[in-house]
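In our numbering, the protein residues as written are 67 to 191. Glycine included, C-beta positions come from ideal geometry on N, C-alpha and C. All values reported here derive from a predicted model rather than from experimental measurement. Reading through the structure tokens given below for one structure.
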Amino acid sequence: MIDPIATIYRHVGQTEPYYKLVDEFYARVENDKLLRPLYPEDLSDAKRHLTLFLIQRTGGQTTYSDERGHPRMRGRHMPFRIGVPERDAWMHNMTEALETVPEFAPHKDDLFKFFADFATFLINQ
């Protein structure tokens, strides 16, 4: 079975939509009273890491792993209290961000499922 997430980059063909998605997402996080305290004051590293992870996970360059090693996302998120409310807030912001990037429109359903499953996987409370 082909992983539909792993082929998205080939269809999108460029990194710019990923940067736009992440910028749109973090613009929403900036104003989210539940999520904002989970992030450092300077969001630059968080933005870069998420962008590189998404590019890699969707079949693009492996810069994320080249620089940071295996993603180990559950372990990287363990220091943060992530419950159902945080998961739901994250999904709300990411879903809204996803709607703003037309390059992802053909992949919206697959990305929504991926984000929902992934956000649920990170729940640790």
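What is the residue span of the alpha helix (DSSP H) that residue i lies within?
i, result
"T186", "K174 to F187"
"G126", "Neither: G126 is in no alpha helix (DSSP H) and is coded neither H nor E."
"A93", "E82 to V95"
"A72", "Taken as a continuous stretch (DSSP letters only), A72 belongs to no alpha helix (DSSP H), as it is neither H nor E."
What residue from the options has the CA that sits closest to residue i's CA?
i, options, result
"V167", "E82, R76 and M67", "E82"
"Y75", "R114, P172, S131 and Y105", "P172"
"P137", "R147, L116 and V150", "L116"
"Q127", "I189, G79 and K179", "G79"
"I182", "L118, N159 and R102", "Sequence inspection shows Ala at residue 182; the Ile mentioned does not correspond to that position. Nearest option by C-alpha distance: N159."
"V88", "K113, A185, Q191 and G135", "K113"
"K86", "K179, Q122, T186 and F170", "F170"
"E162", "V95, F184 and H77", "V95"
Can you tell me the Cβ-Cβ gap for residue i and residue j, rounded? I've got them flagged as a contact below 8 Å.
i, j, result
"L120", "A155", "Actually they do not touch by this definition, with Cβ atoms about 19 Å apart."
"L109", "Y130", "Not really, about 17 Å apart at Cβ, beyond 8 Å."
"I189", "R142", "The Cβ separation is near 14 Å, so there is no contact."
"G125", "T73", "5 Å"
"R134", "I71", "About 19 Å separates the two Cβ atoms, so there is no contact after all."
"L104", "F146", "5 Å"
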